[in-house]
Amino acid sequence: MPQIRIAQDDAADDLLGRDPLALVVGMLLDQQFAMERAFAAPRLLADRLGVDVLSAADLADADPEQLVKVFQGPPALHRYPSSMAARTQAVCRLLVERYGGRADGLWTDVQDGATLLERIGELPGFGAQKAKIFVALLGKQYGVMPPGWREAAGDYGLEGSRRSVADVTGPDSLAEVRQFKQEQKAAAKKAADAG
């Protein structure tokens, strides 16, 4: 079981390390929301559902309105609880249809990094960048390293980089990733202002 330190909360990080679906849901929620809160949300979700691990089949079959209420909290599992509850349910339905409800089915039999990237990119809410980051996270912290995984992850797969959640292993690396993201935003703003 990998030692994950993304959420900066022992119970949440423990779940991320032992429940592949929790990791997928955390990655899904990591948009327009604080990274550590997004990755802590699966633990809150499991607690509210009264389960030790998340079940794709149960989430896929859940009453959508009830699931929204679970996401709303308080505290809310995301700043957009309704849309993220629906996306979580859509991800779980795809996992049930294609992988027997097993999130790790995305990677257990994958032959190469390009296929892994393709599979992840088919998940609702996983665009090209998020899919690359997730490939990097799986490789760097989960030991999922099919041939070509670093190439599939692009710059996010670089050894020693501090550019995404794939590189967060504790408070110091979280701060470094935050600083990188702030520098990227500032550079993009400067370029936009100059153009």
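Here the sequence shown is numbered in my numbering, starting from 5 and rising by one per residue. Every residue gets a Cβ at the ideal spot worked out from N, C-alpha and C, and that includes glycine.
Asked: Residue from Ala179, Phe43 and Leu58 with nearest C-alpha to Asp14; Found: Phe43
Asked: Euclidean distance between Cα positions of Arg83 and Val172; Found: 22 Å
Asked: Identity of the residue in Asp23, Ala16, Asp17 and Glu40 nearest Val181 by Cα; Found: Glu40
Asked: Gly54 to Gln186 span [Cα, whole Å]; Found: 37 Å
Asked: Local conformation of Trp153 per DSSP, three classes; Found: helix
Asked: Proximal residues to Leu104 (C-beta, below 8 Å), its chain only, five neighbours per side dropped; Found: Here residue 104 is Gly; the residue named in the question, Leu, does not match the sequence. Correct list: empty, nothing qualifies.
Asked: Cβ pair count under 8 Å reaching 3, the stretch 89-97 against the stretch 49-65; Found: yes
Asked: Validate contact between the stretch 12-29 and the stretch 44-51 using beta carbons, cut 8 Å, 3 pairs; Found: yes
Asked: Neighbourhood of Val74 by C-beta distance below 6 Å, restricted to the same chain and skipping five residues each side; Found: Arg52
Asked: Backbone secondary structure at Ala50 - three-state DSSP; Found: helix
Asked: Those runs of the alpha helix (DSSP H) which lie wholly inside the stretch 66-129 and span at least 4 residues; Found: 68-76, 85-103 and 117-125
Asked: Start-to-end residues for the alpha helix (DSSP H) that takes in Ser165; Found: No alpha helix (DSSP H) contains Ser165, which DSSP labels as neither H nor E.
Asked: Straight-line Cα distance separating Ala170 from Gln115; Found: 21 Å
Asked: Under the three-state DSSP convention, the category Ser177 falls into; Found: helix
Asked: Bounding residues of the alpha helix (DSSP H) (the contiguous stretch that carries Arg22); Found: Asp14 to Arg22
Asked: Secondary structure of Ile8, DSSP reduced to three states; Found: coil
Asked: Ala192 (DSSP reduced to helix, strand or coil); Found: helix
Asked: Phe43 in three-state terms, based on DSSP; Found: helix
Asked: Distance between Ala195 and Ala107 (C-alpha atoms, nearest Å); Found: 39 Å
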